[in-house]
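Right, one structure below, let's go through it.
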Amino acid sequence: LIYSSSRDTSINVWDAERGILVRTLKGHGHWVNTLALSTAHALRTGPHDHTNSKPPEDAASCQKLAQERYDELRGGKPERMVSGSDDFTMFLWQPEAEKKPIA
Numbered sequence: 002l003i004y005s006s007s008r009d010t011s012i013n014v015w016d017a018e019r020g021i022l023v024r025t026l027k028g029h030g031h032w033v034n035t036l037a038l039s040t041a042h043a044l045r046t047g048p049h050d051h052t053n054s055k056p057p058e059d060a061a062s063c064q065k066l067a068q069e070r071y072d073e074l075r076g077g078k079p080e081r082m083v084s085g086s087d088d089f090t091m092f093l094w095q096p097e098a099e100k101k102p103i104a
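For the sequence shown, my numbering gives the first residue as 2, with consecutive numbering after it.
This is the structure we're talking about:
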């Protein structure tokens with residue numbers, strides 16, 4: 002999934018493979034200008050684990066290792082996202098499953 006936010010106070014959840022809008026998250030009263038994912042560290046670092054070990058040379062092995070790190074980070078739970086707005090609110094979401102904030 003890919004997430005986007007804008008001045009219309011909503012967050013859009015997109016299916017990256019099909020290029021379609023999956024759901025729209027609403028709750029903020031002003032521009033949504035900050036999004037943070039619970040899996041951001043694994044997404045940013047990919048196969049690199051910061052132990053000075055060399056990642057695999059081939060792309061397929063790197064992708065497999067990155068997916069394993071991502072899955073381990075999730076721990077079988079849904080990805081969570083925090084959004085922040087110019088209305089001074091923050092919401093916690095499970096964007097894969099819910100249209101409303103969980104906190």
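Ideal placement from N, C-alpha and C gives every residue a C-beta, glycine not left out. It should be emphasised that the depicted structure is a prediction, and the values quoted were computed from it without experimental measurement.
Contacts around residue i, its chain only, beta-carbon distance under 6 Å, and the 5 residues preceding and following it disregarded
{"i": "Gly28", "result": "Phe92 and Pro102"}
{"i": "Arg8", "result": "Trp32"}
Residue i: first and last residue of the uninterrupted beta strand (DSSP E) it sits in
{"i": "Ser5", "result": "Ile3 to Ser6"}
Assigned secondary structure, residue i (DSSP; H/G/I helix, E/B strand, else coil)
{"i": "Phe89", "result": "coil"}
Beta-carbon contacts of residue i that lie in its chain and below 8 Å, excluding the five residues immediately before and after
{"i": "Tyr4", "result": "Ile12, Asn13, Val14, Trp15, Leu36, Leu38, Met82 and Pro96"}
{"i": "His31", "result": "Thr10, Ser86, Asp87 and Asp88"}
Beta-carbon contacts of residue i that lie in its chain and below 7 Å, excluding the five residues immediately before and after
{"i": "Ala17", "result": "Leu2 and Ile3"}
{"i": "Pro56", "result": "Pro48, His49, Cys63 and Leu66"}
{"i": "Thr40", "result": "Tyr71, Leu74, Arg75 and Glu80"}
{"i": "Leu22", "result": "Asn13 and Trp15"}
Practice prompt. Report the residue ranges of all alpha helix (DSSP H) runs contained in full by the stretch 13 to 86; include only those spanning at least 4 residues, in chain order.
Written response: 41 to 46 and 60 to 75
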